[in-house]
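A.B. asks:
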Amino acid sequence: MTKLLANEWAASNVQVNAIAPGYIETGNTAPLRADRDREPAIRARIPAGRWGKPEDLAGPAVFLSSTASDYVTGHVLVVDGGWLAR
């Protein structure tokens, strides 16, 4: 959807990008983080060795909403501690 909308709206000077977060410490992930079996297995597969924090998404969000990204459109910025880079 990000790429489709980016292509449709680029001529109107509208940028469409997305942030794809990895495992982030939130209330929604609390049960998973409390799971004694699954949590260590998940953390072991994250190259950064830790769950992300909500504030880890702030920098990417600021970048995408600033003039520094004026020529960036159709991009999905993965913020996952290296999970997808494995």
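According to this note's numbering, the sequence shown is numbered sequentially starting from 277. From the three backbone atoms N, C-alpha and C, an ideal C-beta is built for every residue, glycine too. Please read these numbers as outputs of a predicted model, since none were measured by experiment.
1) Looking only at C-alpha atoms, which of Val290, Lys329, Leu280 sits nearest to Tyr299?
2) Just to confirm the assignment, what range does the beta strand (DSSP E) spanning Pro297 have?
3) Alpha carbon to alpha carbon, how far is Gly303 from Ser342? Give it in angstroms, no decimals.
4) Have a look at the DSSP bridge pairing and note the partners of Val290.
5) Please list the terminal residues of the continuous alpha helix (DSSP H) segment that includes Leu340.
C.D. replies: From the atom records:
1) Position 23 of the sequence shown, counted from the first residue, corresponds to residue 299. Minimum Cα distance to Tyr299 is reached at Lys329.
2) Translated into the one-based positions of the sequence shown, residue 297 becomes position 21. Taken as a continuous stretch (DSSP letters only), the beta strand (DSSP E) holding Pro297 covers 294-297.
3) The residue given as residue 342 occupies position 66 in the sequence shown. The residue given as residue 303 occupies position 27 in the sequence shown. Their Cα atoms are separated by approximately 29 Å.
4) To locate residue 290, count along the sequence shown from 1; it is residue 14. Answer is none; Val290 lacks a bridge partner.
5) Numbered from its first residue, the sequence shown carries residue 340 at position 64. 334-341 is the extent of the alpha helix (DSSP H) around Leu340.
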